[in-house]
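Asker: Have a look at this one before I ask anything.
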Amino acid sequence: MKRTLITTLALTLTTTIITAAFINSNSHQVKAESTVQFLCRSSYDEDQGTRLPTTLAWTSRGKIAVIRWVKELGGKSPQERCEKISPRFQEAYQKGTLSLITNGRINNQPVICTAKEYGGKCETLLMTLRPGDNSLQMLNSLVETLNGRGVGPIKHSSGVPQVYYQVYIDDFLQTAPVEKE
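Structure (structure tokens):
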């Protein structure tokens, strides 16, 4: 009787450990598959009929265009801006702050950044805008895109109040159209 009980307990414990290991390895696999990378790559813009530097979110579903870079800022080409800003989206996504974005001013320049809480300070600077850009308009366009209501990626070619928006970035990454090659 004791041997049977010990054997049963040993088998149960072994089964539990194997099951836990299987579940754990599958959850890592799902996490690995759901990894998101924000990168700067060239992608085709149908409106202009040409390829433009684009901040893309690479997901398990494919690549999703977030921002197409059209104009320069401070002597930096659209390509340079794309290469500099795309990693900022990655940083904010990894920090978990990309879900709350706001507009503001840093060094007297209009900016789009992330915040940890409503009314909070900028945590991750996403992009500096041109002096004439309306940060609220740019923020609204970005929010429309990230909340799946935009008609595609925004184009950075555009006394403003500061506004905070909740963004459901994971929903966007699951439902936004993926880029065609």
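Just so we're aligned: the sequence shown equals residues -20 to -1, 1 to 161 in mature numbering (1 follows the signal peptide of the UniProt record, and there is no 0).
Just so you know, even glycine gets a beta-carbon here, dropped at the ideal spot from N, CA and C.
For the candidate residues 114, 73, 84, whose alpha-carbon lies nearest to that of residue 167?
Answerer: In the structure as shown, the chain starts at -20 and stops at 161, and residue 167 therefore has no counterpart that could be examined.
Asker: Under 6 Å Cβ to Cβ from residue 148, same chain only, skipping five residues before and after it: list those, please.
Answerer: Looking up residue 148 in the sequence shown gives position 168. Taken in chain order, the list of residues that qualify is empty.
Asker: Go ahead and pull the three-state DSSP assignment for residue 45.
Answerer: Position 65 of the sequence shown holds residue 45. Of the three classes helix, strand and coil, the one that applies to residue 45 here is strand, per DSSP.
Asker: Can you give me the start and stop residues for the beta strand (DSSP E) that residue 91 sits inside?
Answerer: Numbered from 1 along the sequence shown, position 111 holds the residue referred to as residue 91. 89 to 94 is the span of the beta strand (DSSP E), which, as asked, contains residue 91.
Asker: Assuming residue 106 and residue 94 make a contact with CB atoms under 8 Å, what is their CB distance in whole Å?
Answerer: Start at 1 with the first residue of the sequence shown, and residue 106 comes out as number 126. Start at 1 with the first residue of the sequence shown, and residue 94 comes out as number 114. Contact holds; Cβ gap of about 7 Å.
Asker: With a cut-off of 8 Å on the beta carbons, I'd call residue 77 and residue 64 a contact; round off their distance for me.
Answerer: Numbered from 1 along the sequence shown, position 97 holds the residue referred to as residue 77. Numbered from 1 along the sequence shown, position 84 holds the residue referred to as residue 64. Residue 77 to residue 64, Cβ: 18 Å. No contact.
Asker: Please list the terminal residues of the continuous beta strand (DSSP E) segment that includes residue 25.
Answerer: On the sequence shown, residue 25 is found 45 positions in, with the first residue counted as 1. Looking at the DSSP string, the run of the beta strand (DSSP E) that includes residue 25 is 17 to 25.
Asker: With DSSP as the reference, identify every bridge partner of residue 37, one or two as the case may be.
Answerer: As a first step, residue 37 must be located in the sequence shown, where it is residue number 57. BP columns for residue 37 point to 18, 44.
Asker: Assuming residue 61 contacts residue 25 (C-beta within less than 8 Å), just tell me the rounded distance between them.
Answerer: Position 81 of the sequence shown, counting from 1, holds the residue named residue 61. Position 45 of the sequence shown, counting from 1, holds the residue named residue 25. Not really, about 15 Å apart at Cβ, beyond 8 Å.
Asker: Measuring straight from C-alpha to C-alpha, what distance separates residue 17 and residue 112?
Answerer: Here residue 17 is taken as the residue at index 37 of the sequence shown, counted from 1. Here residue 112 is taken as the residue at index 132 of the sequence shown, counted from 1. One C-alpha to the other measures close to 30 Å.
Asker: Check whether the Cβ atoms of residue 33 and residue 58 lie closer than 9 Å to each other.
Answerer: Here residue 33 refers to the residue found at position 53 of the sequence shown. Here residue 58 refers to the residue found at position 78 of the sequence shown. Yes.
Asker: Quick check on DSSP: helix, strand or coil for residue 109?
Answerer: Counting from 1 along the sequence shown, the entry for residue 109 is found at position 129. Coil.
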